[in-house]
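Peer 1: One structure, as structure tokens, below. Some questions next.
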Amino acid sequence: MNRDISAHSGTGFHPLKLILVILGLLLAISFAARWYSRHITMPRYCEYSGDILARVRDVLTERTPAGSGDRKPWIIAARLTFLVPRKADEPLESYLHRLQRHIERQCP
Numbered sequence: 075m076n077r078d079i080s081a082h083s084g085t086g087f088h089p090l091k092l093i094l095v096i097l098g099l100l101l102a103i104s105f106a107a108r109w110y111s112r113h114i115t116m117p118r119y120c121e122y123s124g125d126i127l128a129r130v131r132d133v134l135t136e137r138t139p140a141g142s143g144d145r146k147p148w149i150i151a152a153r154l155t156f157l158v159p160r161k162a163d164e165p166l167e168s169y170l171h172r173l174q175r176h177i178e179r180q181c182p
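Under my numbering, the first residue of the sequence shown carries the number 75, and numbering increases by one thereafter.
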């Protein structure tokens, strides 16, 4: 009976290995999402960069910014606020200036 216990004692559950694997997966997902937003998603917004800041302002301040018109430009502006989120206590004007600088860096 002692022989059976000692044969299986080295193959126990190792939570540290599982934690490291999960941490690695979370980091990989985070880096992949950041790369995708910089190289795939953000260039799509460059064609709307002229009026996008006004639309972002309306999305953040108006209850129904799109009204009954075309919603695509408003959806694009709303998605941009997820790519470049506003900081907790950041004033609207500071956020819009930071967003403008981000767009200028991303859009040639």
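The beta-carbon is built from N, C-alpha and C at its ideal position, and this holds for glycine as well.
Using DSSP with H/G/I as helix, E/B as strand and the rest coil, what is D132?
Peer 2: Looking at D132 - three-state DSSP - the assignment turns out to be helix.
Peer 1: Give every residue of the same chain whose Cβ lies closer than 6 Å to the Cβ of R160, excluding the five residues on either side of it in the sequence, and list them in chain order.
Peer 2: Around R160: Y169.
Peer 1: On the three-state DSSP scale, how would you describe R179?
Peer 2: Of the three classes helix, strand and coil, the one that applies to R179 here is helix, per DSSP.
Peer 1: Do the segment 148-167 and the segment 109-119 make contact, defined as three or more Cβ pairs closer than 8 Å?
Peer 2: With the cut-off at 8 Å, the segment 148-167 and the segment 109-119 touch.
Peer 1: Ordered along the chain, which non-local residues of its own chain (more than five positions away) have a Cβ less than 8 Å from that of V133?
Peer 2: Closer than 8 Å at Cβ, skipping near neighbours: P139, W148, A151, A152, T155.
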